[in-house]
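J.: Residue numbers (numbering that gives the first Met the number 0), protein chains in the order written: chain A, 0 to 274; chain B, 0 to 274; chain C, 0 to 303; chain D, 0 to 303. Here it is, the structure in full.
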Amino acid sequence: MSTITQKINFLRIVEIEKIVRESPTVKTFFFADELSAQGKPGQFIMVWIPGYDEVPMSISSTCSDDLVSITVANVGEATRIMHKQEAGGILGIRGPFGNSFSPVKGKALLVGGGTGIAPLVFLAAELAKLKTKLTFLLGAKTKEELIFLSYIKAIISRTKGKINAATEDGSFGHKGVVTELVETTLAKEKFDKIYACGREPMLYKIFELSNMHKISLQMSLERIIRCAIGLCGSCTIGKYRVCADGPVFTSNQLQEVVNEFGKLKRDFNGTKISV
Amino acid sequence: MSTITQKINFLRIVEIEKIVRESPTVKTFFFADELSAQGKPGQFIMVWIPGYDEVPMSISSTCSDDLVSITVANVGEATRIMHKQEAGGILGIRGPFGNSFSPVKGKALLVGGGTGIAPLVFLAAELAKLKTKLTFLLGAKTKEELIFLSYIKAIISRTKGKINAATEDGSFGHKGVVTELVETTLAKEKFDKIYACGREPMLYKIFELSNMHKISLQMSLERIIRCAIGLCGSCTIGKYRVCADGPVFTSNQLQEVVNEFGKLKRDFNGTKISV
Amino acid sequence: MMNRLAINIAGLELSNPTMLAAGILGISGLTLSRVAKAGAGAIVTKSLGLQPRAGYPNPTIVQVESGLVNAMGLPNPGIEHFTQEIKFTRSVAPLIISIYAFSTDEFAIAAQKAVKIGADALELNVSCPHAKKTGADIGQDPKLLEEVVKATKRSVKKPVFVKLTPNVDSIVRSAKTAEKAGADALTAINTVKAMVIDIETAKPILSNKIGGLSGSALKPIAVRCVYEIFDAVDIPIVGCGGISTWQDAVEFLQAGASAIQIGTAIAQKGLNIFTQVNEGIEAFLEKKGFHSVKEIIGLSHKSK
Amino acid sequence: MMNRLAINIAGLELSNPTMLAAGILGISGLTLSRVAKAGAGAIVTKSLGLQPRAGYPNPTIVQVESGLVNAMGLPNPGIEHFTQEIKFTRSVAPLIISIYAFSTDEFAIAAQKAVKIGADALELNVSCPHAKKTGADIGQDPKLLEEVVKATKRSVKKPVFVKLTPNVDSIVRSAKTAEKAGADALTAINTVKAMVIDIETAKPILSNKIGGLSGSALKPIAVRCVYEIFDAVDIPIVGCGGISTWQDAVEFLQAGASAIQIGTAIAQKGLNIFTQVNEGIEAFLEKKGFHSVKEIIGLSHKSK
Ligand SMILES: Cc1cc2nc3c(=O)[nH]c(=O)nc-3n(C[C@H](O)[C@H](O)[C@H](O)COP(=O)(O)OP(=O)(O)OC[C@H]3O[C@@H](n4cnc5c(N)ncnc54)[C@H](O)[C@@H]3O)c2cc1C
Ligand SMILES: Cc1cc2nc3c(=O)[nH]c(=O)nc-3n(C[C@H](O)[C@H](O)[C@H](O)COP(=O)(O)OP(=O)(O)OC[C@H]3O[C@@H](n4cnc5c(N)ncnc54)[C@H](O)[C@@H]3O)c2cc1C
Ligand SMILES: Cc1cc2nc3c(=O)[nH]c(=O)nc-3n(C[C@H](O)[C@H](O)[C@H](O)COP(=O)(O)O)c2cc1C
Ligand SMILES: Cc1cc2nc3c(=O)[nH]c(=O)nc-3n(C[C@H](O)[C@H](O)[C@H](O)COP(=O)(O)O)c2cc1C
Ligand code: FES
Ligand code: FES
């Protein structure tokens, strides 16, 4: 197994070089890693918090000096421990794993909810290089949880694109959910591609809208990741493995697994439960 | 162990493409093998005769089309089975192993006895490319056992060198042993380097002569080879391993092992016995 | 034209001698069916038990130079739950349900349930090296092994494969015990107990600390096991451990395996590996003038 | 300045924790002395018996993807013959003579002879996987193992290392047996039984067919063995199996080894490997603020 899969899958211990608070519940962690720095938007790495857990995290940025970031919401034990760490702390990482968003030229609609915004920001930076015209729709519970807002504004202004946000409490932008913005936007405008990342009910709604408007779509899904290399079967949705066939899926692929997408996922023992 | 050592040590099955009879007891076997074809004069390969034995054989020629040859004297079971084989038969090989003769410019004396002539012929071809002036002294029991005679003559004539032979029965050239030719040659002429290969008493005599005349020397030794990669210790002479530190040794190295060189070797169980 | 690759093993008709190894992608019926469509001659489920089981926390897998060390901890939703998966595996390839249990009685019950929901055959996981009171804890105890195999055989009519652990004094003894107890076939081998420590933190990486080594590191050990067992029993052997090329597969067949299973190599080669291996075996048989894969089973025992 | 790498193991003072593994270059006193000069903290001979032994015919070694499979067959000139070799190893590093024998009595005699000719310690080869009626045939039988260790201990005063085989149900049981019988230290592990078949000829390549797997494939297995044994015994452990870098060595030390042995990696890295590993360990200790290698022995057992 002296291949690239093997190389990528070896655990590396990295030192956290910088931590940026994005919101009360979200922080971005920067560290140097040659292999992850070659990661593409949509790809994820496995992050070992020694003594606790190993969890999947999307790459939220890469840099030519091998600096890479992940943007982490504090939602449970492992992420709580991570949030307590300071620069100089260490993480174990392997990856990058999975496929990535395929960048389109022309006009793209990006829809991100919560930490789902993170991989899309990475993607937006890539699309901007292709001079793709971007419309970025963001959603969060409150204004404070709208991460990367100013960074996105900067990218958008460079590409003469648009940005629009929705918050559930109305503290910023549209009061309501981001899918409502998607609906009104698609009613007015055509896009070459929709990219989305966020909670699955939101994704499912966007999937329906994209079908209705016949716009090609790519979205990143989440399932329980253990091996991350396509072996253990923890992460399946229908016939697909999120870790190896995904995490990014097209409308056509989602159509194939529509019995599960937006409805069912598997818990840690593999039982199907509702999303 | 994903290194070159490992790659070289993997067993390859090769088909014998051609067999040339060199003498009543010696045949040359040609086969294609990419790694062995990169072998240098002095290096050897391990030859597996499936179902029988695995024995070390010096490379006697290489070719740009990956064709390689070994020149084998029929002396025991494995070599007898080999001599019975025909073109199309198969061998298992690994290697090339060991160090090689370092080619000198200027004037070289090559002294080969029996099948010891084979690696020197390979060396002579390399030296000829450097326009080194060659004196080639050959020894064998009878004229019939003087292998590669016409091939050597061809090389020698190209380099304006000299060739001289000794046979024990006097059927060709000097009647006697080749070391007598060495003695008379060194009495008359200076060389930049002596290269030798053959039976150890002959080598020891040449070692003494080279010391006397203060001419730098390289000679290829034989000991029992099992692993061929410097681990098992079967092939030691003094502190050196013939398979990994040799098989080619310099006068200085031979001086360090002079308690054993020409006197003692180890049998299959490691007991020291006389050469 | 005759299918050179077809093989009957313990009554199962396989269109080719490749199988999916247990625990690899074997929780989902749709994924199993995808593996069959990708070319596997038979599919084996994740080891299923009577109760759902969450397995161990992450990390559950570590890469080493020549394979993986894993301790998943047998996560599975239980045999009952699998009823809803099995419909997707119908008529694509024979389905072998791998089962584990914590006692002789439970093994019998689990076997019955597995057959009831539609297993074409069973594979008894008495060889998982990192689960307590099941797996290798059974396979390492000849008496317990005998009882488990006997009880299972009594409870079902479908063929029973017994998957052996190499973590024993003598796998030949295990093989003979299983055969005497009525096993229809043997799978050799499960992983070898192993572990990896991260030196920066001085911590064992796997949450369970100890796991099982799979992948190419295992191959020479597994070939030896198959070779030794072939001389000792009359029932067919399924070879498993580090197979990633058709050459590896042929080596196992010549050692004495009637079929082979592939696990770890899927990470690197994808599901296409089944077709690649089959095409390779077929070309080899043709080149060597064999008319059926059966002719090379155990061939290495015949040569001087 | 204090030597961070110095370690006392079972009474032997080692200037560093690296040793040559048994059977590697260990027939010649001059070669052993060269290994010591290249940096090994202790040297172990080829396993020596009472009678000379020619070993198996070639092929005796096969390369696999992640290591070697060897069946040398314990070629050695006998302990007596070694008298003429031992003079070359004086005062370069502690000399451990590895011995094998075919019975309890013979082990006692061999031990006495080895001590008489000058061994600083003995290592009992009760773990060679391919020799009959000795090696693992003893190590796999707890009763025999106990008797052999007891008899050896009764016959000599020098420290006795017992080298364990991983080819058992439980290496912890072997370790405890050896400790109870009086072993001063344990070496873990010898090779795992393995084989390679050449598919072109359908022949097992080794003349003995079955051999032992060494090299990096073995490492996760050996680390696991050391880790398990460390929890079960109070005597020091020498780790062995697939060590080729200082990181590997540190992993074994953290698993619980007090010293480590290197074999197969010499083929690839040359004799310089001892110095490389020592320099690496030393730099690691310095970086982490440890004053002695002793501080990291078994460290992985302490962390959550
Ligand atoms: C491909 C992928 C990319 C992701 N990228 C990001 C990201 O960029 N930023 C971010 O904040 N989160 C991301 N997540 C989600 C993130 O992995 C979970 O939030 C995290 O695992 C929670 O761990 P915990 O121990 O803190 O929570 P826990 O208390 O252990 O669990 C809370 C919830 O987290 C999820 N979770 C826990 N373990 C896993 C696992 N091994 N695999 C998948 N989900 C798990 C489950 O839904 C669980 O119910 C991603 C998930 C996937 C599958
Ligand atoms: C580095 C090296 C290069 C060699 N190159 C050539 C060559 O180019 N042409 C050639 O004809 N011969 C060469 N030899 C010698 C050749 O290896 C032996 O003649 C051959 O092994 C005999 O094998 P056998 O089974 O026919 O004889 P056997 O009946 O087995 O033995 C006859 C004698 O051959 C030697 N021998 C046997 N096995 C080995 C072994 N494994 N290693 C070393 N010697 C062994 C022993 O001296 C033995 O007494 C070389 C030897 C070495 C060490
Ligand atoms: C991630 C993973 C999960 C496994 N789960 C099981 C299992 O549930 N039951 C079982 O019998 N074997 C299980 N195994 C062992 C494999 O079936 C197989 O015996 C082993 O991996 C050797 O084959 P390979 O080298 O081709 O992977 C698992 C192996 C891996 C790598
Ligand atoms: C060529 C070779 C010969 C060996 N001979 C012996 C031996 O005589 N006695 C012994 O106890 N172990 C012997 N071993 C086993 C090694 O000492 C060691 O336990 C094993 O190779 C694992 O370590 P490594 O991976 O560093 O080689 C031998 C190993 C090899 C490769
Ligand atoms: S996480 Fe194991 S298959 Fe995807
Ligand atoms: S042949 Fe094994 S060390 Fe040279």
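C-beta atoms are modelled at their ideal positions from N, C-alpha and C, and glycine is treated no differently.
#1: Identify, in the order they occur along the chain, each residue of the same chain with its Cβ nearer than 6 angstroms to the Cβ of serine 291 of chain C, setting aside the five sequence neighbours on each side.
#2: When the cut-off is 8 angstroms and only beta carbons count, does serine 307 of chain D lie next to chain B?
#3: Taking a contact to mean a Cβ-Cβ separation below 8 angstroms, would you say isoleucine 44 of chain B touches isoleucine 80 of chain B in this structure?
#4: Entirely within the region 47–85 of chain B and at least 4 residues each: give me those alpha helix (DSSP H) ranges in chain order.
#5: Compute every distance between the C-beta of glycine 72 of chain D and the non-hydrogen atoms of ligand 4, then say whether any falls below 7 angstroms.
#6: Relative to the C-alpha of alanine 86 of chain B, which residue among B/Val103, B/Thr27, B/Gly105 is closest?
#7: According to DSSP, is isoleucine 7 of chain B part of a helix, a strand, or is it coil?
#8: Thinking C-alpha only, which one of A/Ala124, A/Gly245, A/Arg11 is nearest glycine 152 of chain A?
#9: At a cut-off of 7 angstroms, is valine 155 of chain C close to ligand 1 when judged by its beta-carbon and the heavy atoms of the ligand?
#10: Would the region 200–211 of chain C count as touching the region 185–193 of chain D if we require 3 or more Cβ pairs under 8 angstroms?
#11: Relative to the C-alpha of methionine 194 of chain D, which candidate in C/Phe251, C/Lys179, C/Val237 has its C-alpha closest?
#12: Would valine 63 of chain D pass as an interface residue toward chain C - the criterion being a Cβ-Cβ separation below 8 angstroms?
#13: My output table needs one value for valine 241 of chain B: the three-state DSSP class, helix, strand or coil.
#14: Between cysteine 62 of chain A and the rest of its own chain, which residues show a CB-CB distance below 8 angstroms, the 5 nearest in sequence each way excluded?
#15: Using a Cβ-Cβ cut-off of 8 angstroms, state whether arginine 223 of chain D counts as contacting chain C.
#16: Tell me, please, which residues DSSP counts as bridged to glutamine 63 of chain C.
#17: Classify alanine 109 of chain C as buried or exposed, calling it buried when 16 or more other Cβ atoms lie within 10 Å of its own Cβ.
#18: Give a yes or no on whether 8 angstroms exceeds the smallest Cβ distance from serine 126 of chain C to chain D.
#19: Taking only beta-carbon positions, decide if serine 257 of chain D is within less than 8 angstroms of chain C.
#20: In chain A, which residues lie less than 9 angstroms from lysine 45 of chain C when you measure between Cβ atoms?
#21: Identify the contact partners of serine 299 of chain C in chain D, using a Cβ-Cβ distance below 8 angstroms as the criterion.
#22: Cβ of asparagine 69 of chain D within 7 angstroms of any heavy atom in ligand 4?
#23: Report the neighbours of serine 27 of chain D on chain B: residues whose CB is nearer than 7 angstroms to its CB, in chain order.
#24: Could you check if aspartate 52 of chain B belongs to the surroundings of ligand 1, using beta carbon to heavy atom distance under 7 angstroms?
#25: Measure the Cβ-Cβ separation of valine 147 of chain C and leucine 163 of chain C and say whether it is below 8 angstroms.
#26: Apart from the five residues just before and just after threonine 88 of chain C, which ones in its own chain have a Cβ nearer than 6 angstroms to its Cβ?
#27: Per DSSP, serine 213 of chain C is paired with what?
#28: Would you mind stating whether isoleucine 198 of chain D and valine 249 of chain D have Cβ atoms separated by less than 8 angstroms?
#29: At a Cβ threshold of 8 angstroms, is arginine 157 of chain A touching chain C?
#30: At which residues does the alpha helix (DSSP H) containing glutamine 252 of chain B begin and terminate?
#31: Mind listing the chain C neighbours of isoleucine 9 of chain A? Cutoff is C-beta to C-beta under 7 angstroms, in chain order.
#32: According to DSSP, is phenylalanine 206 of chain A part of a helix, a strand, or is it coil?
#33: Which word fits glutamine 254 of chain A, buried or exposed, when buried means at least 16 other C-beta atoms lie within 10 angstroms of its C-beta?
#34: Would you list the one or two residues that DSSP bridges to aspartate 197 of chain C?
#35: Quick check on methionine 0 of chain A - is its C-beta less than 8 angstroms from some C-beta in chain C?
#36: How big is the Cα-Cα spacing for alanine 213 of chain D and serine 243 of chain D?
T.: Short version:
#1: Start at 1 with the first residue of the third sequence, and residue 291 of chain C comes out as number 292. So the qualifying residues of the chain are Arg3.
#2: Since the first residue shown for chain D is 0 and the last is 303, residue 307 of chain D is missing from the structure and cannot be characterised.
#3: Here the question's residue 44 of chain B lines up with position 45 in the second sequence. Here the question's residue 80 of chain B lines up with position 81 in the second sequence. No, they are not a contact pair.
#4: 76–83
#5: On the fourth sequence, residue 72 of chain D is found 73 positions in, with the first residue counted as 1. Answer for glycine 72 of chain D: no, Cβ out of range of ligand 4.
#6: Within the second sequence, the letter at position 87 stands for residue 86 of chain B. Per the Cα distances, B/Thr27.
#7: As a working note, residue 7 of chain B is residue 8 in the second sequence. Of the three classes helix, strand and coil, the one that applies to isoleucine 7 of chain B here is helix, per DSSP.
#8: Along the first sequence, read from residue 1 onward, the residue named residue 152 of chain A stands at position 153. The residue asked about is misnamed: residue 152 of chain A is lysine in this sequence, not glycine. Nearest of A/Ala124, A/Gly245, A/Arg11 to lysine 152 of chain A, Cα basis: A/Ala124.
#9: The count along the third sequence starts at 1 and reaches residue 155 of chain C at position 156. Not under cutoff, so the answer is no.
#10: no
#11: Within the fourth sequence, numbered from 1, the residue matching residue 194 of chain D stands at position 195. The option with the nearest alpha carbon to methionine 194 of chain D is C/Phe251.
#12: Position 64 of the fourth sequence, counted from the first residue, corresponds to residue 63 of chain D. Interface residue, yes.
#13: As a working mapping, residue 241 of chain B is identified with position 242 in the second sequence. It is coil, neither helix nor strand.
#14: As a working note, residue 62 of chain A is residue 63 in the first sequence. So the list reads Ala36, once near-sequence residues are dropped.
#15: The count along the fourth sequence starts at 1 and reaches residue 223 of chain D at position 224. Output row for arginine 223 of chain D: interface = yes.
#16: Numbered from its first residue, the third sequence carries residue 63 of chain C at position 64. Note on residue identity: the sequence assigns valine, not glutamine, to residue 63 of chain C. For valine 63 of chain C, which the question treats as bridged, DSSP gives the partners C/Gly66.
#17: Residue 109 of chain C sits at position 110 when you count from the first residue of the third sequence. Buried, because 16 or more other Cβ atoms sit within 10 Å of the Cβ of alanine 109 of chain C.
#18: Here the question's residue 126 of chain C lines up with position 127 in the third sequence. No, its Cβ sits nowhere closer than 8 angstroms to a Cβ of chain D.
#19: To locate residue 257 of chain D, count along the fourth sequence from 1; it is residue 258. So, not an interface residue.
#20: The residue you call residue 45 of chain C lines up with position 46 of the third sequence. Chain A residues near lysine 45 of chain C: Cys231, Gly232, Gly269.
#21: The residue labelled residue 299 of chain C in the question sits at position 300 within the third sequence. Ordered by position in chain D, the residues that pass the 8 angstroms Cβ test against serine 299 of chain C are Ile196, Ala201, Lys202, Pro203.
#22: Locating residue 69 of chain D in the fourth sequence gives position 70, counting from the first residue. Yes.
#23: Against the fourth sequence, residue 27 of chain D aligns to sequence position 28. The contacting residues are Gly232, Thr235.
#24: Reading the second sequence from its first residue, position 53 is the one you call residue 52 of chain B. No, since every heavy atom of ligand 1 falls outside the 7 angstroms radius drawn around the Cβ of aspartate 52 of chain B.
#25: As a working note, residue 147 of chain C is residue 148 in the third sequence. As a working note, residue 163 of chain C is residue 164 in the third sequence. In this structure, leucine 163 of chain C does not lie closer than 8 angstroms to valine 147 of chain C by Cβ.
#26: Taking the third sequence and counting its residues from 1, the one referred to as residue 88 of chain C is at position 89. Only Gly28, Leu31, Ser32, Leu94 meet the Cβ criterion.
#27: The sequence position of residue 213 of chain C within the third sequence is 214, counting from 1. Looking at the DSSP assignment, serine 213 of chain C forms a beta bridge with C/Leu67.
#28: For the purposes of this step, residue 198 of chain D is identified with residue 199 of the fourth sequence, where counting begins at 1. For the purposes of this step, residue 249 of chain D is identified with residue 250 of the fourth sequence, where counting begins at 1. Taking 8 angstroms as the Cβ cut-off, isoleucine 198 of chain D and valine 249 of chain D do not qualify as a contacting pair.
#29: Your numbering for residue 157 of chain A matches position 158 in the first sequence. Not closer than 8 angstroms to any Cβ of chain C, the Cβ of arginine 157 of chain A fails to qualify, so no.
#30: Along the second sequence, one-based indexing puts residue 252 of chain B at 253. Element bounds for glutamine 252 of chain B: 250–255.
#31: The residue given as residue 9 of chain A occupies position 10 in the first sequence. The question names isoleucine, but residue 9 of chain A is phenylalanine in the sequence shown. Near phenylalanine 9 of chain A (Cβ distances below 7 angstroms), the residues of chain C are Gln62.
#32: Mapped onto the first sequence, residue 206 of chain A falls at position 207. Residue state, collapsed to three classes: helix.
#33: As a working mapping, residue 254 of chain A is identified with position 255 in the first sequence. Burial call: exposed.
#34: Counting from 1 along the third sequence, the entry for residue 197 of chain C is found at position 198. Beta-bridge pairing links aspartate 197 of chain C to C/Lys202.
#35: In the first sequence, residue 0 of chain A corresponds to position 1, counting from 1. With a pLDDT of 37 at methionine 0 of chain A, under the threshold of 50, the modelled position of that residue is not reliable, and the figure given next carries that caveat. Interface residue, yes.
#36: Walking along the fourth sequence from the start, residue 213 of chain D turns up at place 214. Walking along the fourth sequence from the start, residue 243 of chain D turns up at place 244. The question names alanine, yet the displayed sequence has serine at residue 213 of chain D. Going from the Cα of serine 213 of chain D to the Cα of serine 243 of chain D covers about 11 angstroms.
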